[in-house]
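Colleague: Below is a structure I'd like to ask you about.
Numbering (this note's numbering), first residue to last: 2 to 154.
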């Protein structure tokens, strides 16, 4: 186990026995990790949500379109963009609610559930975890933007 934790105010690493952060002076607060292990299943699904959302948008466009041209046009014009938005925010809000139900104090990151990458970054820092799911979300978002360019042609 790491003998360092991140300052809740400036994210500077401080020793667990330090009474305050030497960088910003904020009182040292241990990570929000509960007594039981926190599952990261939902955040890993959330990390791939931009790609999952694009697939769901394609499925909806295919089901609701009268023909292939209409489906392609719907995807090219991002007609169903809100599906990805609802999926991302829904998974993020659901994860925040699940953590609260498990007795975890999410005050340092829960209020950012509607800003998914911020939520993922702050969650990783609060639990002293690798921000790998944050970077995965960023990569998936970039991939869907690139795919969107090709779909629009």
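Glycine included, every Cβ here is placed at the ideal spot set by N, Cα and C.
Can at least three beta-carbon pairs, one atom from the region 95 to 102 and one from the region 58 to 71, be found at a separation below 8 Å?
Modeller: Counting Cβ pairs under 8 Å, fewer than three are found: no touch.
Colleague: Tell me the rounded alpha-carbon separation between residue 135 and residue 122.
Modeller: Taking the first residue of the chain shown as position 1, residue 135 is located at position 134. Taking the first residue of the chain shown as position 1, residue 122 is located at position 121. Their backbone Cα atoms lie some 6 Å apart in a straight line.
Colleague: Evaluate the contact criterion for the region 46 to 54 versus the region 74 to 85: three or more CB pairs, one atom per stretch, below 8 Å.
Modeller: Output reads yes: the region 74 to 85 touches the region 46 to 54.
Colleague: Taking buried to mean at least 16 other C-beta atoms within 10 Å of its own C-beta, is residue 93 buried or exposed?
Modeller: Counting from one through the chain shown, the residue named residue 93 turns up at place 92. Buried is the call here.
Colleague: Please tell me whether, using a cut-off of 8 Å, the distance from the CB of residue 95 to the nearest non-hydrogen atom of the ligand HEM is below it.
Modeller: Among the ligands in the structure shown, none appear at all, so the ligand HEM cannot be discussed.
Colleague: Short of 6 Å in beta carbon distance, which residues of its chain neighbour residue 1, apart from the five on each side in sequence? Order them along the chain.
Modeller: Outside the modelled stretch of the chain, which goes from 2 to 154, sits residue 1, for which no answer is possible.
Colleague: Using a Cβ-Cβ cut-off of 6 Å (strictly less than) and excluding sequence neighbours within five positions of residue 10, which residues of its own chain qualify?
Modeller: Here residue 10 refers to the residue found at position 9 of the chain shown. So the list reads 25, 27, once near-sequence residues are dropped.
Colleague: So, helix, strand or coil for residue 155, using DSSP?
Modeller: The displayed coordinates of the chain run from 2 to 154. Any statement about residue 155 would go beyond what the structure contains.
Colleague: As a quick exercise: from 127, 109, 77, pick the residue whose alpha carbon is nearest that of residue 150.
Modeller: Along the chain shown, read from residue 1 onward, the residue named residue 150 stands at position 149. Taking only the C-alpha atoms, the option nearest residue 150 is 77.
Colleague: Using three-state DSSP, classify residue 72 as helix, strand or coil.
Modeller: Within the chain shown, residue 72 is the residue found at index 71, counting from 1. Helix, per DSSP.
Colleague: On the criterion of 16 or more Cβ atoms from any shown chain inside 10 Å, does residue 143 qualify as buried, or is it exposed?
Modeller: Start at 1 with the first residue of the chain shown, and residue 143 comes out as number 142. It counts as exposed.
Colleague: Considering only residues of the same chain and omitting the five flanking positions on each side of residue 14, which have a CB-CB separation below 8 Å?
Modeller: Here the question's residue 14 lines up with position 13 in the chain shown. Closer than 8 Å at the Cβ level, and outside the excluded window around residue 14, lie 5, 6, 7, 8.
Colleague: Going by the CB atoms, is the gap between residue 115 and residue 127 shorter than 9 Å?
Modeller: Reading the chain shown from its first residue, position 126 is the one you call residue 127. Reading the chain shown from its first residue, position 114 is the one you call residue 115. Cβ atoms of residue 127 and residue 115: not closer than 9 Å.
Colleague: Is residue 130 closer than 9 Å to residue 41 when the C-beta atoms are compared?
Modeller: Sequence index remark: in the chain shown, residue 41 carries index 40 (1-based). Sequence index remark: in the chain shown, residue 130 carries index 129 (1-based). Going by C-beta atoms, residue 41 is nearer than 9 Å to residue 130.
Colleague: Excluding the 5 residues preceding and the 5 following residue 137 in the sequence, name in chain order all residues of the same chain whose CB lies nearer than 6 Å to its CB.
Modeller: Within the chain shown, numbered from 1, the residue matching residue 137 stands at position 136. Cβ within range, chain order: 48.
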